[in-house]
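Residue numbers for the sequence shown follow my numbering, beginning at 117 and rising by one. The beta carbon of each residue, even a glycine, is placed where N, CA and C say it ideally should be. Predicted model, so just to flag it, every value in this text is computed and none were measured. Step one of this worksheet: look at the structure below.
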Amino acid sequence: VILHEKSGELGGQWLAASAGEDKAAFRTITAGLVRRMEKAGVDIRLNSAPDKNAILSEKPDVVILATGAHPRDLSGVDILPSPEQNGIARLFGIDVLRGARVPGRKAVVVGGRYIGMECAVRLAEQGYETSLVEMNEIGRGVILRIRGIMFRRMMEAGVRLFPSSSVFRLTRHQVEIAHGGSVFPIDADAVILAIGTVPDKSLQEHDFGVPTHVIGDCRRIGDARDAVAQGTELGLLL
Ligand SMILES: Cc1cc2nc3c(=O)[nH]c(=O)nc-3n(C[C@H](O)[C@H](O)[C@H](O)COP(=O)(O)OP(=O)(O)OC[C@H]3O[C@@H](n4cnc5c(N)ncnc54)[C@H](O)[C@@H]3O)c2cc1C
117 VILHEKSGEL
127 GGQWLAASAG
137 EDKAAFRTIT
147 AGLVRRMEKA
157 GVDIRLNSAP
167 DKNAILSEKP
177 DVVILATGAH
187 PRDLSGVDIL
197 PSPEQNGIAR
207 LFGIDVLRGA
217 RVPGRKAVVV
227 GGRYIGMECA
237 VRLAEQGYET
247 SLVEMNEIGR
257 GVILRIRGIM
267 FRRMMEAGVR
277 LFPSSSVFRL
287 TRHQVEIAHG
297 GSVFPIDADA
307 VILAIGTVPD
317 KSLQEHDFGV
327 PTHVIGDCRR
337 IGDARDAVAQ
347 GTELGLLL
C-alpha cells in the first residue's frame, strides 16, 4: 500500500481539530494510526501529490481517493479593496487554530459553529477585540453540551455576538453586516472565515482504469468518525 500526502504531515483536518492544550487526547488518534501503518508496512510518501499519470505509473490494482475538504471562501460579497491592496486580512479558521498569526487587534470571525466559536474564544483570550457573525443561530447543530461550554467561554472572554447577520461587504477597515434589512459596520483588522468546507474532488474526474473508491470528506462532508469508518469498511472489503 502506498499513501500519498501532499503536505509534510499526516492528519489532514484532524491536525486543526486536535490543536490546542485541551485536545491532547485527540492527537493520540493520529499517532495510533501512523504507528499501525508503519507496522503494517505502508509506504508513506509525504509532500507528494501525484497526478493521474504518476498514479498510473505505480500500476495500482485499486485507487482510493481520500483528498478531504478545503475551507469555504466568501462568495457574493464585495471586497474593497483586495487584501493585496492593504484591505482587511482574510484568514481561514482552520489555519488560526493551527497557530497562524492574526494581524492587528480587531478580529471578526464569520461562522458560529465549532471552528468559528473556538477561534473567537482563542482570539478574545489572546486580547483581540473579537466579534462573531453568524447568519443563523450561533451554535446551530452543535452538540448541546459543547454549545453550552463554548457560549460560556465566549461570554467570559468578551466576544461580541452577532447572530442572524450575514457579511454584506468588506471595506478597508470594516466588515459590514446585514441584519434585519439594515447594514451595520464592525471595525476590523482581520476576518476569520469559518463557514464550512467544500469537498476536494480534484482527482475524481479521472478514469484510472482500475476499481476506484472515494471515501471521507471528499465524497461527502462528514466527520472524522465517518471518514475512519469508511476507510475501515473499505479496507476489510478489499
Ligand atoms: C477544526 C476542526 C474540528 C473538527 N472536529 C471534529 C470532531 O470533534 N469530531 C469529528 O468527528 N470530526 C471533526 N472534524 C472533521 C474531521 O476532521 C474531518 O471530517 C476528517 O478529518 C475528514 O477526513 P478525511 O480523511 O476525509 O479528509 P482530511 O482530513 O481533509 O484529509 C485529506 C488529506 O488529503 C490530503 N490531500 C488532498 N489532496 C491531495 C492530493 N492531491 N494528493 C495527496 N494528498 C492530498 C490533504 O493534505 C489532507 O491531509 C473537525 C474538523 C476541523 C477542521
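Is Val-314 near His-120, with beta carbons less than 8 Å apart? For the purposes of this step, residue 314 is taken as the residue at position 198 of the sequence shown. For the purposes of this step, residue 120 is taken as the residue at position 4 of the sequence shown. No, the Cβ-Cβ distance between Val-314 and His-120 is not below 8 Å.
Buried versus exposed, by CB contacts within 10 Å (16 or more), Ala-223: Numbered from its first residue, the sequence shown carries residue 223 at position 107. It is buried - the Cβ of Ala-223 has at least 16 other Cβ atoms within 10 Å.
Close Cβ partners of Gly-184 (< 7 Å) along its chain, the five nearest in sequence each way excluded: For the purposes of this step, residue 184 is taken as the residue at position 68 of the sequence shown. Gly-128, Gln-129, Asp-316, Gly-332, Asp-333 and Cys-334, listed in sequence order.
So the candidates are Gly-296, Val-275, Lys-139 and Leu-277; which of them puts its Cα closest to the Cα of Phe-284? Position 168 of the sequence shown, counted from the start, is the residue given in the question as residue 284. Of Gly-296, Val-275, Lys-139 and Leu-277, the residue nearest in Cα terms is Gly-296.
Using 8 Å as the threshold, is the C-beta distance between His-289 and Ile-195 below it? Working through the sequence shown from its first residue, we reach residue 289 at position 173. Working through the sequence shown from its first residue, we reach residue 195 at position 79. Taking 8 Å as the Cβ cut-off, His-289 and Ile-195 do not qualify as a contacting pair.
What's the gap between the Cα of Ile-302 and the Cα of Leu-352? Locating residue 302 in the sequence shown gives position 186, where the first residue counts as 1. Locating residue 352 in the sequence shown gives position 236, where the first residue counts as 1. One C-alpha to the other measures close to 52 Å.
Restricting to Cα atoms, I'd like to know which of Leu-277, Arg-151 and Ser-173 is closest to Ala-236. Counting from 1 along the sequence shown, the entry for residue 236 is found at position 120. The shortest Cα separation from Ala-236 among Leu-277, Arg-151 and Ser-173 belongs to Leu-277.
Under three-state DSSP, which class holds Gln-290? On the sequence shown, residue 290 is found 174 positions in, with the first residue counted as 1. For Gln-290, the secondary structure class from DSSP, reduced to helix, strand or coil, is strand.
Starting from Ala-223 and walking both ways along the beta strand (DSSP E), at which residues does that stretch end? Taking the first residue of the sequence shown as 1, we reach residue 223 at position 107. Ala-223 -> beta strand (DSSP E) spans 222-226.
Is Leu-162 buried or exposed, if buried means 16 or more other CB atoms sit within 10 Å of its CB? Locating residue 162 in the sequence shown gives position 46, counting from the first residue. It counts as exposed.
Given 8 Å as the limit, is there contact between the region 340-351 and the region 321-332, that is, 3 or more CB pairs closer than that? Yes: the two stretches touch, three or more of their Cβ pairs being nearer than 8 Å.
One or two residues paired with His-186 in a DSSP bridge: For the purposes of this step, residue 186 is taken as the residue at position 70 of the sequence shown. DSSP, once it has assigned bridges, lists Val-314 as partnering His-186.
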